[in-house]
Amino acid sequence: MPRTAHALALVSALCSAGATIFIRHGLRGRGPYTGFWINLVVGTVGLWAAVLLTGGFGRPSAAGVAFFVLAGLIGTVAGRLLRFVSIDKVGASVAASLINLHPLVATGVAILLLGERVTAPILGGTVVIVVGTTLLSVGGQRTGFRRWQIALPLLSATCFGVVAVLRKLGLNETGAVLGSAINVTTALVAFSGFLLASGDRRAMACRGRSLAYFVAAGVAENSAVFLNVVALSLSTVSVVAPLYGTAPIFVLFLSFFFLRGVETLSPRLILGTLLIVLGVYLITALSGR
222 MPRTAHALAL VSALCSAGAT IFIRHGLRGR GPYTGFWINL VVGTVGLWAA VLLTGGFGRP
282 SAAGVAFFVL AGLIGTVAGR LLRFVSIDKV GASVAASLIN LHPLVATGVA ILLLGERVTA
342 PILGGTVVIV VGTTLLSVGG QRTGFRRWQI ALPLLSATCF GVVAVLRKLG LNETGAVLGS
402 AINVTTALVA FSGFLLASGD RRAMACRGRS LAYFVAAGVA ENSAVFLNVV ALSLSTVSVV
462 APLYGTAPIF VLFLSFFFLR GVETLSPRLI LGTLLIVLGV YLITALSGR
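Residue numbering for the sequence shown follows my numbering, beginning at 222 and increasing consecutively.
Below is the structure:
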């Protein structure tokens with residue numbers, strides 16, 4: 222079982238990285254709103270199909286539904302949308318690295334709200350992450366984005382970190398598959414309402430290569446989420462989270478082959494990415510030791 226969990230977590234990270242590459246290609250023809258909306262449609266269809274295939278609705282509690290609805294608004298609408306915008310503005314590699322900081326945010330929330338203690342690995346990991354983030358910020362001057370745009374993936378990471386606590390609370394009341402379906406459906410309804418109210422209906426229309434890339438990204442991203450949940454059911458968070466956190470390394474590898482001419486990978490960006498992954502590993506894998 223442990224080896225199965227390890228393999229699932231790594232495949233999940235690879236799927237997440239693949240989604241990032243697909244999104245980057247799709248954004249060359251359409252805007253982030255379109256890509257995000259298609260991502261939500263694919264996720265909603267896929268997750269409700271999974272609910273039906275895994276035994277139906279069960280008996281979710283009102284509290285569990287409420288937690289996942291809130292998670293959908295914070296994590297999926299805000300966090301995932303910011304992810305699309307981040308990839309568009311700062312590139313796939315930088316966005317993936319900084320969004321990968323969400324375990325640090327989750328740990329900070331746990332320390333503030335749940336009274337968890339600060340350990341040496343948390344402090345050490347935080348220092349390493351700060352150095353890595355600084356390298357990405359400085360390296361960004363040579364890759365075409367402005368320093369303030371670093372805030373976009375950091376905000377996305379913050380949303381994902383906060384929502385991790387909400388989902389944990391929701392899982393105490395509702396199953397993972399049903400909760401995830403409620404989560405993404407809430408996001409689809411809310412974001413569709415926003416597009417209709419703002420008069421931006423064109424964002425819900427797409428065709429050609431961009432449509433194919435966005436659909437592929439939706440399949441890859443939601444597969445990553447599903448495989449990560451299965452891995453967590455077979456092993457502990459301290460084992461699965463660091464393996465899933467290797468996604469930015471896969472993004473670097475895939476970018477070299479599939480984003481040539483689209484993004485430039487400087488030594489500072491590569492080193493910054495590796496330091497951030499190391500920092501997240503120190504926090505998630507060693508903080509309890």
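Glycine included, C-beta positions come from ideal geometry on N, C-alpha and C.
Keep in mind the model is a prediction, meaning the values are calculated, not measured.
Would DSSP call Phe288 helix, strand or coil? In the structure shown, Phe288 adopts helical secondary structure according to DSSP, grouped into three states.
For Phe243, which residues from the same chain have a beta carbon less than 8 Å from its beta carbon, with the 5 sequence-adjacent residues on both sides left out? Tyr434, Phe435, Ala437, Ala438, Ala441
Which residues in the same chain as Thr255 place their Cβ atom closer than 6 Å to its Cβ, once the five residues preceding and following it in sequence are excluded? Ala424, Cys427
Relative to the C-alpha of Phe478, which candidate in Leu432, Gly239, Ser233, Phe415 has its C-alpha closest? Residue Gly239 is the option with its Cα nearest to Phe478.
Spatial neighbours of Leu231 in its chain, beta-carbon cut-off 6 Å, leaving aside the 5 residues before and after: Leu464
Which class does Thr467 belong to by DSSP, given the choice of helix, strand or coil? coil
Take the Cβ of Leu294 as the centre, count every other Cβ of all protein chains shown within 10 Å, and call the residue buried at 16 or more, exposed below. buried
Where the alpha helix (DSSP H) through Leu322 begins and ends: Looking at the DSSP string, Leu322 is not in any alpha helix (DSSP H), and its letter there is neither H nor E.
Between the alpha carbons of Pro253 and Asp309, how many angstroms are there, rounded? 7 Å
In the DSSP assignment, find the unbroken alpha helix (DSSP H) run with Ser413 in it and report its ends. 397–418
Quick one: what's got a C-beta closer than 7 Å to Ser444's C-beta in the same chain, skipping five residues either side? Closer than 7 Å at Cβ, skipping near neighbours: Cys236.
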